[in-house]
Amino acid sequence: MKWQLIAPQTEAQWQAYFQLRYQVLRAPWLQPPGSERDELEDKAIHRMIISSGGEVLAVGRLHLVDAEKAQVRYMAVAEQARGQGLGLLLLQELEQQAVAQGASLLILNARESAIGFYQQAGYQHGAEQPPLYGIAHQQMWKTLRVAGNPQSYQQSCDTLVALWHQTIPLSAYMQLGIEKFDGSTLYCQAALAPNQNLHHTMFAGSIYALGTLTGWGLVYLQLQSLGLDGDIVLADGRIRYLAPLKNQPRARVSLLQVRGSLQALAQGKKVRQSLSVELLDADQVVAEFEGRFVVLPKHGN
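Heads up, the final residue of the sequence shown is numbered 895 in the working numbering, and it's a clean run with no missing numbers.
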């Protein structure tokens with residue numbers, strides 16, 4: 595099924611957008627039309643997924659709670675469109691919009707039946723919420739940006755690169771460095787020349803190493819922002835190569851792609867975090883790395 599992810603614009607699109615909200619989220623509990631809307635509609639960011647024929651398949655909304663926090667509400671997928679990943683695509687779009695708005699934390703109130711979906715998308719459990727229409731709800735949250743400012747981000751990145759080069763000789767030989775880090779997304783880069791194979795493209799092992807170290811780096815930067823210290827180890831790593839890397843090796847990883855909290859390390863507990871890294875040739879995705887990292891508390895923590 596072909597589809598588009600858009601913001602509703604025409605009157606017909608707005609009507610269909612609110613109708614799907616009502617049909618999925620209110621009508622089954624005999625709530626009146628209009629109960630699917632609130633006073634924040636004009637201030638919110640709205641997204642919908644439509645079929646090639648214009649049928650609304652999924653809808654969702656984002657609004658800012660304050661300067662640091664955003665909230666997702668009214669997520670709904672049409673019954674005939676479920677099981678196709680549209681809910682996750684819609685959620686990821688709203689997360690990107692929250693980052694663009696400068697939010698550091700994203701919250702939502704999940705119905706009991708949807709908690710597993712949000713957990714798989716990287717959300718953590720928050721406080722229980724009052725039932726709505728007799729349905730149990732659980733607040734869930736996701737970090738979008740680590741605490742800090744451009745100066746502290748740069749300092750942490752400088753420390754990270756020095757740590758790489760001093761303790762992992764391969765990283766220095768690869769000329770691994772950090773292109774930028776805005777608190778949400780980390781971009782790393784390496785030189786092509788010392789990583790070439792006989793085909794004059796980047797050696798597959800070097801691509802794997804770039805993905806691993808970029809993921810390791812984001813875990814490290816999170817720990818730094820939390821004031822935590824631990825031994826970061828790769829428990830499992832898998833990569834899918836899509837195309838040769840011929841020109842400009844880069845890697846990108848975002849907190850939006852992270853699953854698992856590091857907070858329990860403060861209590862001396864081992865923590866786990868999974869993430870996805872995109873390997874790039876300039877701006878083209880040429881490989882995808884999935885890593886599962888474990889952070890072990892250091893002796894005396």
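Every residue gets a Cβ at the ideal spot worked out from N, C-alpha and C, and that includes glycine.
Strand pairing of residue i, partner residues [DSSP]
| i | result |
| --- | --- |
| W735 | I701 and Q718 |
| K774 | Y781 |
| E882 | R834 and E872 |
| K663 | L699 |
| M796 | Q790 |
| P891 | G824 |
| G654 | R641 |
| W597 | S645 |
Cutoff 6 Å; reference residue i; Cβ partners in own chain excluding five residues on either side
| i | result |
| --- | --- |
| L850 | E689 |
| Q818 | S750 |
| F883 | G805, I833 and V871 |
| A610 | V650 |
| A837 | V880 |
| N895 | Confidence at N895 is low in this model, with a pLDDT of 45, below 50, so the placement of that residue should be treated as unreliable; the coordinate-derived value is given next. For N895, where only same-chain residues beyond five positions count, the Cβ hits under 6 Å are G862. |
| S646 | K596 |
Identity of the residue in the options nearest residue i by Cα
| i | options | result |
| --- | --- | --- |
| I639 | A601, T761, E633 and V671 | A601 |
| C751 | A606, V813, M796 and A694 | V813 |
| F797 | V880, V740 and G628 | V880 |
| L807 | Y835, L682, W758 and R667 | W758 |
| P724 | Y717, E706, Q718 and A860 | E706 |
| I772 | Q748, L738 and D877 | Q748 |
| Y712 | M734, A730, G720 and I729 | M734 |
| A675 | P744, K596, E722 and L656 | K596 |
| K736 | A721, G728, G716 and E633 | G716 |
| S660 | S746, K637, A672 and G647 | Reading off the sequence, residue 660 comes out as Asp, not Ser. Per the Cα distances, K637. |
| H794 | G821, L839, L820 and A803 | L839 |
| A670 | G647, F612, S746 and G720 | F612 |
| T604 | G648, Q745 and E722 | G648 |
C-beta contact flag for residue i and residue j at 9 Å
| i | j | result |
| --- | --- | --- |
| I709 | Q732 | yes |
| R853 | Y781 | no |
| A704 | L680 | no |
| T779 | R886 | no |
| V827 | V889 | yes |
| M642 | G654 | yes |
| V666 | L700 | yes |
| L619 | Y668 | yes |
| A664 | A621 | no |
| Q718 | S855 | yes |
| I644 | Q607 | yes |
| A860 | L820 | yes |
Cβ shell of residue i (< 7 Å), same chain only, five flanking positions each side left out
| i | result |
| --- | --- |
| A858 | V865 |
| S848 | S778 and T779 |
| K892 | D823, G824 and D825 |
| S765 | W758, H759 and L807 |
| L874 | R844, A845, R846 and V880 |
| W623 | Y727 |
| G811 | L754, L780 and C782 |
Presumed contact (8 Å Cβ cut-off) between residue i and residue j, rounded CB distance
| i | j | result |
| --- | --- | --- |
| Y616 | E630 | 4 Å |
| L792 | L683 | About 40 Å; that fails the 8 Å criterion. |
| Q625 | L658 | Contact flag wrong, Cβ pair sits at about 26 Å. |
| F775 | L815 | 7 Å |
| L869 | G831 | Contact doesn't hold; Cβ gap of about 10 Å is too wide. |
| S698 | E662 | 5 Å |
Own chain residues within Cβ distance below 8 Å of residue i, not counting five before or after
| i | result |
| --- | --- |
| T753 | Q818 |
| Y835 | A798, I801, V880 and A881 |
| A785 | M768, Q769 and P843 |
| N841 | L786, D875 and A876 |
| I729 | W623, R705 and E706 |
| P788 | Y767, M768 and Q769 |
| G720 | I701, Q732, Q733, M734 and W735 |
Closer than 9 Å to chain D by CB, residue i
| i | result |
| --- | --- |
| E635 | As a matter of chain content, chain D is missing from the structure shown, which is built from one protein chain. |
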